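Step one of this worksheet: look at the structure below.
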Amino acid sequence: MANRFQVLAMGLWMFGETLWLRGQTADGCPGATSTPNRFIFYWGTAQVVLTAEEKYRAVWRLKPREFRQMLLQRPYLWNGCTMSERVIFRLNGTLVVAPYKSRDDEASLLSLYERFSSEIAVGQSFEITDLILTPQHVGNIQVLLEEQPAGSAASSALHLERYVGSWLDESTVVKVHWGPTHYEVNQRDFFTSREVLEILRQQPVVEWQPHVLPQPVYAEVRITDVGGAQHEKRVFLSDPEAYSPFLQYVERYRFLFRSGARIVLALYSARYDRLFEHLLQIVEENDPRLALRRYRDAHRVRLEWGPLAYEWKDVYLARYLNADGDLLPTDLPVIARFHLARALLDSLLTLSPTLWIDGIRVPDLSFSLIADGHANHVRAEDRLPQLSPPTEDTIYSIRINNFHAAGYDLSALEAIVSFVPAHTPLSPPNPKKRIPSALALYSPIVSLESVEITFALPIATPVNVLIKDRSGAAVVETNGLYAAGYHTVSFSRHLFSTTGRYVFYLKTPYGEVQQTADLP
17 MANRFQVLAM GLWMFGETLW LRGQTADGCP GATSTPNRFI FYWGTAQVVL
67 TAEEKYRAVW RLKPREFRQM LLQRPYLWNG CTMSERVIFR LNGTLVVAPY
117 KSRDDEASLL SLYERFSSEI AVGQSFEITD LILTPQHVGN IQVLLEEQPA
167 GSAASSALHL ERYVGSWLDE STVVKVHWGP THYEVNQRDF FTSREVLEIL
217 RQQPVVEWQP HVLPQPVYAE VRITDVGGAQ HEKRVFLSDP EAYSPFLQYV
267 ERYRFLFRSG ARIVLALYSA RYDRLFEHLL QIVEENDPRL ALRRYRDAHR
317 VRLEWGPLAY EWKDVYLARY LNADGDLLPT DLPVIARFHL ARALLDSLLT
367 LSPTLWIDGI RVPDLSFSLI ADGHANHVRA EDRLPQLSPP TEDTIYSIRI
417 NNFHAAGYDL SALEAIVSFV PAHTPLSPPN PKKRIPSALA LYSPIVSLES
467 VEITFALPIA TPVNVLIKDR SGAAVVETNG LYAAGYHTVS FSRHLFSTTG
517 RYVFYLKTPY GEVQQTADLP
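Using our numbering, read the sequence shown as starting at 17 and increasing by one per residue.
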């Protein structure tokens, strides 16, 4: 069997490489008799250098989600001069032949995903063997699947989604029709795989605002499987025939449409302005969540805690159990994030959070308060625990979750409060006049991990920080009570999912200032 594989693989490799060598030796690339010093194998976000010194062997340490993602993408091999015409290897004994820049290999790569996706778990290992480098050399890579650190952004594909429900740019678009009308797509969140396919088979139609000139749009479908791997496809609907080949491509990935998967439908203008997004969550045919409708079953939940306030909209709070007695979640997790001056920590802990559902206060609310790695269960009649944060000039965070009230499932709701110490301004003020004389917002500082804004307050005041993207959609909004002086607030870079211009607003009862920044 091994000999048959070697003959077949070598034949395929030599056929492609011979064509390449005929056109490349004149340009200074290695000739047919030369062996490159090293090879680079790429697959998904992972890459490895294979050298003769290491006997063309390597080890990959990956997270399960990273490996799932790899199986949905084409591998590449750099042979020292260019990408090889074909990449040929075995994955746990299964032959893989991936032509470079070919449209015909998707079916074989998808079958590879179907073959191995169920085996992907922490602690498992896979072997990439017989990776053809030259007719005389092969590479071997051992893939070890490791645990994803808890709480990291990559641990859940949900954090990669900008909206967890539905969103529409109402300044430009009145309504979007995508899928059969009787499915009430815009009023639902849960669908069967059959319904999702029927929705996708109907080309989207946009109703524009009267003052907006109708235009062609980009349609995008993003698929996230049950393990967090993602695949997306976008098409410009410039003519009536453009959607059909796009749909044929998407339907190749219908095997991903299983219970637990998420499908995002999105529309963009010709300038890539975001117009519409809607999330479809796939469930089984007999799932009780299929009956939920936003206009009838959704609630508004408002959290109030001293100067802090946040409202969750369109949440179901319903409790359904599956056949095993496990809770079926009806709401995706949404975290309310706040920033307060560090000096306000003690005063905030003298107050108790309150929750309002559809304008009615919850009388029997209990929750968990987590700080310093410890969880404290707080009942309705309890005082909040006293905390002892470190004295260093660092951000100190607490979170409240596991909300409980009779008759509701509040498990998706969570709030994080970050207490920010006073920050030395970029240009230190005069020591004799440390309190700023005017409201000011400095240019944001952008890094790979965060986006920081520094602002100055002449007096203690409530502050609203609002960040919008170029379409006018709100990306981040926080509220807090800050003392007079200079403060810095840091936001995770993952919140800014697209590149381009963002507008930063600082609003107080005494005035408003703003800054713009281009995020790469």
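Beta carbons are placed, not taken as given, at the ideal position from N, Cα and C, and that holds for glycine.
Computed from a predicted model, the values in this text were never measured in an experiment.
In the structure shown, the three-state DSSP call for Thr197 is helix. Of Ile136, Val462, Glu528 and Ser413, the smallest CA-CA separation from Ala431 is found for Ser413.
Sixteen is the threshold: when 16 or more other Cβ atoms of the shown chains lie within 10 Å of the Cβ of Pro91, as they do, the residue is buried. For the pair of segments examined, the region 181 to 188 was found not to touch the region 209 to 218: the number of CB pairs separated by less than 8 Å stays below three. Under the 10 Å beta carbon count, Asn95 is surrounded by 16 or more other beta carbons and is classified as buried.
As DSSP reads the structure, Phe206 sits in a beta bridge with Gln297.
By the beta-carbon neighbour count (other beta carbons within 10 angstroms, threshold 16), Ile298 is buried.
Take Gly155, set aside five residues on each side of it, and the residues of its chain with a beta-carbon closer than 6 Å to its own are Leu66, Tyr72, Leu147 and Leu149, in chain order.
Excluding its 5 nearest sequence neighbours in each direction, Asp313 has C-beta neighbours in its own chain below 6 Å: Tyr332, listed in chain order.
Annotation: Ser182 is outside any alpha helix (DSSP H); the continuous beta strand (DSSP E) that includes it extends over Ser182 to Leu184.
For the set Gly322, Asp342 and Ser404, the Cα lying nearest the Cα of Ser368 is the one of Gly322. Beyond the five residues adjoining it in sequence on each side, His294 comes within less than 6 Å, by CB distance, of Ser182 and Leu281 in the same chain, given in chain order.
Counting along the chain, Pro261 sits inside the alpha helix (DSSP H) bounded by residues Tyr259 to Glu267. With the rule of 3 Cβ pairs closer than 8 Å, the region 498 to 512 counts as touching the region 462 to 470. The region 357 to 373 makes contact with the region 409 to 428, as at least three CB pairs between them are under 8 Å. Ala334 sits in coil when the DSSP states are folded into three classes, being neither helix nor strand. In this structure, Asp303 sits near Thr208, with a CB-CB distance shorter than 9 Å. Counting every other CB atom within 10 Å of its CB across the protein chains shown gives Thr197 a total below 16, marking it as exposed. With 16 or more other CB atoms across the displayed protein chains lying within 10 angstroms of its CB, Ser434 is buried. Annotation for Ala258: Val251 and Phe252 place their beta carbon closer than 8 Å to its own, counting only its chain and skipping 5 residues before and after. For Trp194 and Leu319, the gap between their C-alpha atoms comes out near 34 Å. Non-local C-beta neighbours of Leu306 in its own chain, meaning closer than 6 Å and more than five positions away in sequence, comprise Phe206, ordered along the chain. Asn202 and Gly375 have their C-alpha atoms some 25 Å from each other. Within the model, the alpha-carbon separation for Phe142 versus Tyr58 is close to 16 Å. Per DSSP, Phe271 lies in no alpha helix (DSSP H) and is assigned neither H nor E. Counting only the Cα atoms, Ala277 lies some 14 Å from Ser134.
Here Arg290 is buried: its Cβ has 16 or more other Cβ atoms, across all protein chains shown, within 10 Å. For Glu248, the enclosing beta strand (DSSP E) starts and ends at Gln246 to Phe252. Within the region 277 to 325, complete beta strand (DSSP E) segments of at least 3 residues are found at 278 to 284, 290 to 298 and 315 to 321, given in chain order.
Here Pro230 is exposed: its Cβ has fewer than 16 other Cβ atoms, across all protein chains shown, within 10 Å. Excluding the 5 residues flanking it on each side, Met86 has same chain C-beta neighbours closer than 7 Å at Trp59, Gly60 and Ala62, in chain order.
Membership of Arg54 in the beta strand (DSSP E) is indicated by the continuous run Arg54 to Trp59. Sequence-distant partners of Phe354 (beyond 5 residues in either direction) whose C-beta falls short of 8 Å from its own C-beta, in its chain, are Leu324, Tyr326, Ala431, Ile432, Val433, Ser434, Thr494, Asn495 and Gly496. Per DSSP, Asp534 lies in no alpha helix (DSSP H) segment; the continuous beta strand (DSSP E) that holds it begins and ends at Gly527 to Leu535.
Counting along the chain, no alpha helix (DSSP H) covers Pro349, and no H or E run does either.
Pro406 is positioned such that its CB atom lies no closer than 9 Å to that of Leu365.
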